[in-house]
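Worksheet for the structure shown next.
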Amino acid sequence: MKNKFKHLALGIALLAMLHPVSAQKKHHTVDQKAINSITEKSYKNHILQLSSDDFMGRKPFTKGDTLATNYIAEQFKKLGLKPGNGNSYFQEVPMVEITSTPNVSLSLKSSQDELTLQNLSDYVVTSRRLQEQVELKNTELVFVGFGIVAPEYQWNDYQGLDVKGKTVVVMVNDPGHYDQSLFKGDTMTYYGRWTYKYEEAARQGAAGVMIIHQTKAASYGWNVIRTGWGNAPQMDLDNVSDPNQYAQVEGWLSTESTSKLFKLAGYDDALLEKAKKRGFKAVPLGVKTNFKVSNKIKRSKSNNVIARLEGKSRQDENIIYTAHWDHLGIGEPVQGDSIYNGAIDNAAGVAALFEIAKAFKAAKKAPERSIVFLAVTSEEDGLLGSDYYVRNPIFPLKTTVANINMDAFSAAGATKDISIVGKGQSEMDDYAQRSALKFGRYTKAEGNPSSGGFYRSDHFNFAKVGVPALYAGSGSDYIEQDTSIIAQRKKALEGRYHAVNDEVIPEWNFEGMLADIRLFFDIGYTLSQEDIFPKWKEKSEFKEIGEKR
Numbered sequence: 012m013k014n015k016f017k018h019l020a021l022g023i024a025l026l027a028m029l030h031p032v033s034a035q036k037k038h039h040t041v042d043q044k045a046i047n048s049i050t051e052k053s054y055k056n057h058i059l060q061l062s063s064d065d066f067m068g069r070k071p072f073t074k075g076d077t078l079a080t081n082y083i084a085e086q087f088k089k090l091g092l093k094p095g096n097g098n099s100y101f102q103e104v105p106m107v108e109i110t111s112t113p114n115v116s117l118s119l120k121s122s123q124d125e126l127t128l129q130n131l132s133d134y135v136v137t138s139r140r141l142q143e144q145v146e147l148k149n150t151e152l153v154f155v156g157f158g159i160v161a162p163e164y165q166w167n168d169y170q171g172l173d174v175k176g177k178t179v180v181v182m183v184n185d186p187g188h189y190d191q192s193l194f195k196g197d198t199m200t201y202y203g204r205w206t207y208k209y210e211e212a213a214r215q216g217a218a219g220v221m222i223i224h225q226t227k228a229a230s231y232g233w234n235v236i237r238t239g240w241g242n243a244p245q246m247d248l249d250n251v252s253d254p255n256q257y258a259q260v261e262g263w264l265s266t267e268s269t270s271k272l273f274k275l276a277g278y279d280d281a282l283l284e285k286a287k288k289r290g291f292k293a294v295p296l297g298v299k300t301n302f303k304v305s306n307k308i309k310r311s312k313s314n315n316v317i318a319r320l321e322g323k324s325r326q327d328e329n330i331i332y333t334a335h336w337d338h339l340g341i342g343e344p345v346q347g348d349s350i351y352n353g354a355i356d357n358a359a360g361v362a363a364l365f366e367i368a369k370a371f372k373a374a375k376k377a378p379e380r381s382i383v384f385l386a387v388t389s390e391e392d393g394l395l396g397s398d399y400y401v402r403n404p405i406f407p408l409k410t411t412v413a414n415i416n417m418d419a420f421s422a423a424g425a426t427k428d429i430s431i432v433g434k435g436q437s438e439m440d441d442y443a444q445r446s447a448l449k450f451g452r453y454t455k456a457e458g459n460p461s462s463g464g465f466y467r468s469d470h471f472n473f474a475k476v477g478v479p480a481l482y483a484g485s486g487s488d489y490i491e492q493d494t495s496i497i498a499q500r501k502k503a504l505e506g507r508y509h510a511v512n513d514e515v516i517p518e519w520n521f522e523g524m525l526a527d528i529r530l531f532f533d534i535g536y537t538l539s540q541e542d543i544f545p546k547w548k549e550k551s552e553f554k555e556i557g558e559k560r
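Residue numbers for the sequence shown follow this note's numbering, beginning at 12 and rising by one.
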């Protein structure tokens, strides 16, 4: 035992040398009583309940919305947490649901030939314009590479181009995905996200925008596009005052359809390779098409669910834990099953909020700062619930210490490492490292930085307003030595992202999930005992806005 504690002390000393900012802070030991309150039985039961068929996939604006938000509020109340919004556990989020029905088929015409694409299998199209009918007639298609305007990376795909009335065709991800010397190499920037592609196309005045889907570059298959865009209503915040905020039509083209389009235009896939090089000039394809989209518009409200544990001495300073409660609801049937249960994504994250709240309540020493538990709506539709919260914060952003976000835990087993998404952004990485050390673990960067994970969950909205945010999870250095067992679990868990089979199955292993929850508790607990506000790292794109808040 003496050697064990000697090694721990040496480790902490080494950490202080490696992280001088962390060395300024007092080291806190693990509160074992709090840690022991986090149990598999209660955690699993909450996941089973939230992901049951009774909750109908937890889609906003449905019965599943009401059931899920009431359940979460009820659990917060049972845990002895105070309502987070005055006397209410709810923050109303005014939203609009748009169900778009596009052309069944899409005819693309050049001067020489014609190509017909089929909705869902070849392309998807929606419109976020609040109009019952949206129509583009004879809109010209222009290939504009990645569709990026990034002065800091000396990149402008729209330079000298007028796309008003035209439909731009753009590549997913950013140039760094293909050339390590460009942008941030294989770490995707926000310029690579589909949301940015739509935003920039609208800023440029494009009438339409179609993103070319490629599985590796997008980090998900066409099934995700088909389910998320082609067969589901699209949600948005109901506060859009500028009708030109969005292009008239937004959509995706499959890889195969893109090849056919280029061939129709007299090009081949080599055009994609040219677009990956600096200095690429947009290419008018000489192809026109007609889009017609019928929109069914429904205005209503969903809810963020919010609770608070008040701090002892610095209750005005808040640490916010987030997890999104929504999923995809009832959609296209697959082998007779049409309910998208969302067990991993993200009943597991919401259940973690309850376990962490239990731990804070059980801690021997109460937190000095306040702890906020925020279950947000409509993450699947574009991080809308967290977007609404940061635009309408219940607790001032200036005194919000940090955000710790939990989304999609791994059920494959416990790991020695913690994978930090967007590692290097803020001092929250240092807090994660300090807490990991207490549990005999270590941190590393995410395994697939080109997926743009830092821009794909609710912590991103906090980062955009300057609040240091952490998004992390189990790594790949498994404690289980039998690799065949890990392989069996991974195989059983494959293909469940945004699928009807994202359910609790016997192959789930809860050890890694619980280990991560205990770590996330300790990170927040450590922060709650301090009076220092974490900062953004020098090279973070959020540093400037963080300093202004």
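Idealized CB from N, CA, C, for every residue including glycine. These numbers were taken from a predicted model, which means no experiment stands behind them.
**Asked** When burial is assigned at 16 or more other CB atoms within 10 Å of the CB, is Ile534 buried or exposed?
**Response** buried
**Message:** Output needed for Val41: all residues of its chain with C-beta closer than 7 Å, excluding positions within five of it in sequence on either side, in chain order.
**Reply:** Lys449 and Asp533
**Prompt:** Is the CB-CB distance between Arg310 and Asp249 below 7 Å?
**Reply:** yes
**Asked** Counting pairs of beta carbons, one from the segment 401 to 414 and one from the segment 451 to 467, are three or more of them closer than 8 Å?
**Response** no
**Request:** Look up Asp440 in the DSSP assignment and say whether it is helix, strand or coil.
**Result:** helix
**Assigned secondary structure, Met524 (DSSP; H/G/I helix, E/B strand, else coil)** = helix
**Request:** Would you mind giving the Cβ-Cβ distance between Gly203 and His188, rounded to the nearest angstrom? I have them listed as a contact below 8 Å.
**Result:** 7 Å
**Asked** Taking Cβ positions, are Asn416 and Thr333 nearer each other than 7 Å?
**Response** yes
**Item:** Residues near Ile516 by beta carbon distance below 7 Å, same chain, minus five either side
**Value:** Ala503
**One or two residues paired with Arg402 in a DSSP bridge** = DSSP, once it has assigned bridges, lists no residue as partnering Arg402.
**Request:** Taking all protein chains shown into account, decide if Ser539 is buried (16 or more other Cβ within 10 angstroms of its Cβ) or exposed.
**Result:** buried
**Request:** Give the straight-line distance between the Cα atoms of Ala374 and Lys44, rounded to the nearest whole angstrom.
**Result:** 6 Å
**Asked** Using the rule of at least 16 other Cβ atoms within 10 Å of the residue's Cβ for burial, across every protein chain shown, is Val345 buried or exposed?
**Response** exposed
**Item:** Gln499, enclosing beta strand (DSSP E) - first and last residue
**Value:** Segment Thr494 to Leu504 is the alpha helix (DSSP H) holding Gln499; no beta strand (DSSP E) there.
**Message:** Using a Cβ-Cβ cutoff of less than 6 Å, which residues in the same chain neighbour Phe531 once the five nearest sequence positions on both sides are dropped?
**Reply:** Ile415
**Message:** For Met524 and Val304, I'd like the C-alpha separation in whole angstroms.
**Reply:** 43 Å
**Item:** N- and C-terminal bounds of the alpha helix (DSSP H) containing Ile46
**Value:** Gln43 to Asn47
**Request:** Within the same chain, show all residues whose beta-carbon is closer than 7 Å to that of Lys36, passing over the 5 residues directly before and after it, in chain order.
**Result:** In this prediction, Lys36 scores a pLDDT of 47, lower than 50, which makes its location untrustworthy; the coordinate-derived value is nonetheless stated afterwards. Within the same chain, Lys36 has close Cβ partners Glu541 and Ile543.
**Request:** Look at the alpha carbon of Gly297 and the alpha carbon of Ala276, and state the distance between them as a whole number of angstroms.
**Result:** 6 Å
**Request:** Return the chain-ordered list of same chain residues with a C-beta closer than 6 Å to the C-beta of Ile382, the five sequence neighbours on each side being excluded.
**Result:** Leu320, Ile330 and Phe371
**Close-in-space but distant-in-sequence residues of the same chain around Ala362 (CB under 6 Å, 5 per side omitted)** = Tyr54, His57 and Ile58
**Message:** I'd like to check one pair, Val181 with Ile236: are the Cβ atoms closer than 7 Å?
**Reply:** no
**Asked** Distance, Cα to Cα, Asp356 vs Lys52?
**Response** 19 Å
**Request:** Write down the C-beta distance between Leu141 and Ile308 rounded to the nearest angstrom, noting that I regard them as a contact closer than 8 Å.
**Result:** 6 Å
**Message:** With distance defined between alpha-carbon atoms, name the residue in Asn301, Asp247 and Trp166 nearest to Thr388.
**Reply:** Asp247
**Prompt:** Leaving out the 5 sequence neighbours to the left and right, which residues in its chain are closer than 7 Å to Glu342 when beta-carbon positions are compared?
**Reply:** Just to set this straight, residue 342 is Gly in the shown sequence, not Glu. If we look at Gly342 and ignore the five residues flanking it on each side, its Cβ neighbours are Thr238, Asn242, Ala243, Ser349 and Tyr351.
**Message:** Going by C-alpha to C-alpha distance, which of Asp327, Phe66, Gly486 and Ala368 sits closest to Thr410?
**Reply:** Asp327
**Message:** Rounding to the nearest angstrom, what Cα-Cα distance links Met199 and Ser468 in this structure?
**Reply:** 14 Å
**Item:** Tyr231 versus Ser118: straight-line alpha-carbon distance, rounded
**Value:** 27 Å
**Prompt:** Under a Cβ-count criterion, where at least 16 other Cβ atoms within 10 Å of its own Cβ denotes burial, should Pro545 be classed as buried or exposed?
**Reply:** buried
**Prompt:** Does DSSP classify His470 as helix, strand or coil?
**Reply:** helix
**Own chain residues within Cβ distance below 7 Å of Val32, not counting five before or after** = Because Val32 sits at a pLDDT of 44, beneath the cut-off of 50, its placement in the model cannot be relied upon, and the following sentence gives the value as read from the coordinates. Contacts found: Glu438 and Asp441.
**Message:** Does the segment 203 to 222 come into contact with the segment 106 to 125, if we say contact requires no fewer than three beta-carbon pairs (one atom in each stretch) closer than 8 Å?
**Reply:** no
**Per-residue DSSP class, three states only, for Gly297** = strand
**At least 3 beta-carbon pairs within less than 8 Å: the segment 148 to 168 vs the segment 284 to 299** = yes
**Asked** Looking only at C-alpha atoms, which of Thr206, Glu514 and Gly433 sits nearest to Leu61?
**Response** Glu514
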